[in-house]
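Peer 1: My questions all concern the structure below.
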Amino acid sequence: MARQKNYGFEKKQRELRKQKKKQEKAERRNQEEAASPAPEEGDR
61 MARQKNYGFE KKQRELRKQK KKQEKAERRN QEEAASPAPE EGDR
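Numbering (my numbering), first residue to last: 61 to 104.
Next up, the structure:
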């Protein structure tokens, strides 16, 4: 008999990968803002 897939495990792994990628993207964005702060657009 073939083993059934553990869909709950696969879903959790996929969500963890997505969360990690999102966190890395946020960190990269914060580093870019710290390196070159954009001028404020409210200075009119």
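Quick reminder that beta carbons are idealized off the backbone N, C-alpha and C, glycines included.
Just so we're clear, the structure is a prediction, and the values are computed from it rather than from any experiment.
By how many angstroms is the C-alpha of Glu70 removed from the C-alpha of Glu93?
Peer 2: For the purposes of this step, residue 93 is taken as the residue at position 33 of the sequence shown. For the purposes of this step, residue 70 is taken as the residue at position 10 of the sequence shown. Going from the Cα of Glu93 to the Cα of Glu70 covers about 35 Å.
Peer 1: Rounded to the nearest angstrom, what separates Tyr67 and Lys85 at their Cα positions?
Peer 2: Here residue 67 refers to the residue found at position 7 when the sequence shown is read from its first residue. Here residue 85 refers to the residue found at position 25 when the sequence shown is read from its first residue. When rounded, the distance between both Cα atoms is 27 Å.
Peer 1: Can you tell me the Cα-Cα spacing of Lys80 and Gln91, whole angstroms?
Peer 2: Taking the sequence shown and counting its residues from 1, one reaches residue 80 at position 20. Taking the sequence shown and counting its residues from 1, one reaches residue 91 at position 31. When rounded, the distance between both Cα atoms is 17 Å.
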